[in-house]
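Number of protein chains: 2
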Amino acid sequence: MKNIDVCLTPELLHQYDLENKIVVVVDILRATSCMVSGLANGVKEIVPVSTLEECKELQNSGYLAAAERNGSKAEGFDMGNSPFEYMDEKVKGQKVAVTTTNGTLAINKSLSAKEILIGAFLNLKAISEYLKNKEEDIIVLCAGWKGKFNLEDTLFAGSLSHQLKGDFEFACDAPLAAEAMYLTAKNDMMSYMKDSSHAKRLAKLNVVKDIEFCIQESIYDVVPYLSGKSLLLK
Amino acid sequence: MKNIDVCLTPELLHQYDLENKIVVVVDILRATSCMVSGLANGVKEIVPVSTLEECKELQNSGYLAAAERNGSKAEGFDMGNSPFEYMDEKVKGQKVAVTTTNGTLAINKSLSAKEILIGAFLNLKAISEYLKNKEEDIIVLCAGWKGKFNLEDTLFAGSLSHQLKGDFEFACDAPLAAEAMYLTAKNDMMSYMKDSSHAKRLAKLNVVKDIEFCIQESIYDVVPYLSGKSLLLK
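Sequences listed follow chains A and B, in order.
FYI, the working numbering numbers position 52 of the first sequence as 52, with every residue one higher than the one before it.
FYI, the working numbering numbers position 220 of the second sequence as 1220, with every residue one higher than the one before it.
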């Protein structure tokens, strides 16, 4: 039977063989939530890059440039890392280059996979439906925080594992644990998240509104995937 | 405030600074459960080593040698990795050298810590009481399975984090998540564990009795610690 596995941080990714697998990259707060929101609201394409320099270069060749480091917008760029910025009128129809502390790095570490998808609570149903019919094994890659485990990405991994349970076998204990956490948390996600380190970090930056937005389930019916260097919609 | 952190697998240990910290090594199935059982039942000292060769050498100089690889006893050694072997009359008063797939490696990766303790559900209360009064920060190091996350070690990390919550702050999301998992699982640990990959692996080897034994809470009032190369009791 095909299976689903969860990689809890990019620093454990060397333990996984990505060949012929579908990788779902998740960085709930906030990179992949932004990507889903932007593409669902008319952004033409998004190019994830690992460094500020690459992002700057693309800015110079006509891209809107979004850059976040340690939760805040980096100086000299057009946008930071809030989903609301990605829904702004001025972004519609545009191409966006983006670099973030964790999320874009996770994408660029997954390039040997057969297919790379972008997951968030915002498109949970769309991505589950898309994956249900696939024959390949799946790895959910949690972006984490600077190489460490984080709560919100693991909760998403748990929710996706739960959705796909009937069609995919759990490959190890990580999907099992993530699913248990999600089932405990799902009826009151916000209060469950309030003690998480990243929510605390962001609360200091006044982005509680972003968190409330990012934990909404299945409000967008889109499946972003990496095509060449760009994220587009299926 | 002093804090407690959880390292989910030894492959993430490079992210943690062990200096001046107390590390609690845990490998519930079954290395640290064996160590606690043995020392509580009269084993004189236990020397954890990383390789079969080192274990053999100590066997040649008078130690009882316990060696496990992939869940089974390695050929040519006196004992495997069952807690019941460590309670046998013939082990009383003896010195034991031990190497296992995950647990002894985790101990030997922690040598830069100020103090290394051996934790298991079997001595949960004793180790919590001992740690409550310490001033140092604590890292619970889960031995995992071949570098990957596992359920039972994380559940122990969660139980210890829960016990120490009043006296230690959670350093990141890992203790938070581990505690949530433990609180979900604690009233029916055996059925919660039945789907775990290691329990399945061991069930094939007919050691369900070992699992039932290892998930008992606080039946031994001992705190094993590393002194030089040996595990002794506080």
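Beta carbons are placed, not taken as given, at the ideal position from N, Cα and C, and that holds for glycine.
C-beta neighbour in chain A for residue i, strict 9 Å
i	result
residue 1231 (chain B)	no
residue 1210 (chain B)	no
residue 1198 (chain B)	yes
residue 1172 (chain B)	yes
residue 1151 (chain B)	yes
residue 1177 (chain B)	yes
residue 1147 (chain B)	yes
residue 1205 (chain B)	no
residue 1184 (chain B)	yes
residue 1029 (chain B)	no
residue 1018 (chain B)	no
residue 1164 (chain B)	no
residue 1008 (chain B)	yes
Residue i and residue j closer than 9 Å at C-beta
i	j	result
residue 215 (chain A)	residue 181 (chain A)	no
residue 113 (chain A)	residue 23 (chain A)	yes
residue 97 (chain A)	residue 49 (chain A)	yes
residue 1026 (chain B)	residue 1157 (chain B)	yes
residue 1017 (chain B)	residue 1171 (chain B)	no
residue 167 (chain A)	residue 1197 (chain B)	no
residue 46 (chain A)	residue 122 (chain A)	no
residue 159 (chain A)	residue 83 (chain A)	no
residue 1091 (chain B)	residue 1224 (chain B)	no
residue 1056 (chain B)	residue 1077 (chain B)	yes
residue 85 (chain A)	residue 66 (chain A)	yes
Proximity to residue i [Cα-Cα], best of the options
i	options	result
residue 1052 (chain B)	B:1029, B:1079, B:1041	B:1079
residue 72 (chain A)	A:204, A:234, A:19, A:223	A:204
residue 1232 (chain B)	B:1102, B:1133, B:1059, B:1040	B:1040
residue 129 (chain A)	A:19, A:105, A:183, A:165	A:165
residue 221 (chain A)	A:212, A:234, A:230	A:234
residue 1154 (chain B)	A:177, A:133, A:169, A:154	A:177
residue 1135 (chain B)	B:1030, B:1087, B:1144, B:1021	B:1021
residue 202 (chain A)	A:2, A:38, A:229, A:28	A:28
residue 1030 (chain B)	B:1213, B:1230, B:1217	B:1213
residue 89 (chain A)	A:132, A:38, A:74, A:104	A:38
residue 1081 (chain B)	B:1162, B:1188, B:1210, B:1229	B:1210
residue 1 (chain A)	A:207, A:14, A:132, A:70	A:132
residue 19 (chain A)	A:184, A:110, A:163	A:110
residue 183 (chain A)	A:195, A:67, A:161, A:3	A:161
residue 230 (chain A)	A:14, A:3, A:58	A:58
residue 175 (chain A)	B:1186, B:1195, B:1217	B:1195
residue 217 (chain A)	A:186, A:118, A:74, A:14	A:186
Contact with chain B by residue i, beta-carbon distance below 9 Å
i	result
residue 154 (chain A)	yes
residue 94 (chain A)	no
residue 192 (chain A)	yes
residue 195 (chain A)	yes
residue 35 (chain A)	no
residue 181 (chain A)	yes
residue 101 (chain A)	no
residue 15 (chain A)	yes
residue 129 (chain A)	no
residue 74 (chain A)	no
residue 115 (chain A)	no
residue 32 (chain A)	no
residue 51 (chain A)	no
residue 54 (chain A)	no
residue 105 (chain A)	no
Inter-residue CB distance, residue i and residue j (contact presumed, cutoff 8 Å)
i	j	result
residue 1100 (chain B)	residue 1054 (chain B)	Incorrect: roughly 13 Å between the Cβ atoms, too far for contact.
residue 1226 (chain B)	residue 1116 (chain B)	4 Å
residue 108 (chain A)	residue 144 (chain A)	Wrong, their Cβ atoms sit about 15 Å apart, outside the cutoff.
residue 124 (chain A)	residue 163 (chain A)	7 Å
residue 1003 (chain B)	residue 1179 (chain B)	The Cβ separation is near 14 Å, so there is no contact.
Residue i: contacting residues in chain D (beta-carbon distance under 8 Å)
i	result
residue 1216 (chain B)	Included in the structure are the protein chains A and B, with no chain D among them.
Touch test, the region 4 to 11 of chain A against the region 145 to 156 of chain A, Cβ-Cβ under 8 Å, three pairs minimum: Enough Cβ pairs lie closer than 8 Å, so yes.
Check whether the region 57 to 70 of chain A and the region 127 to 142 of chain A touch, using three or more Cβ-Cβ pairs below 8 Å as the test. The region 57 to 70 of chain A, when compared against the region 127 to 142 of chain A, does not touch it at the 8 Å Cβ threshold.
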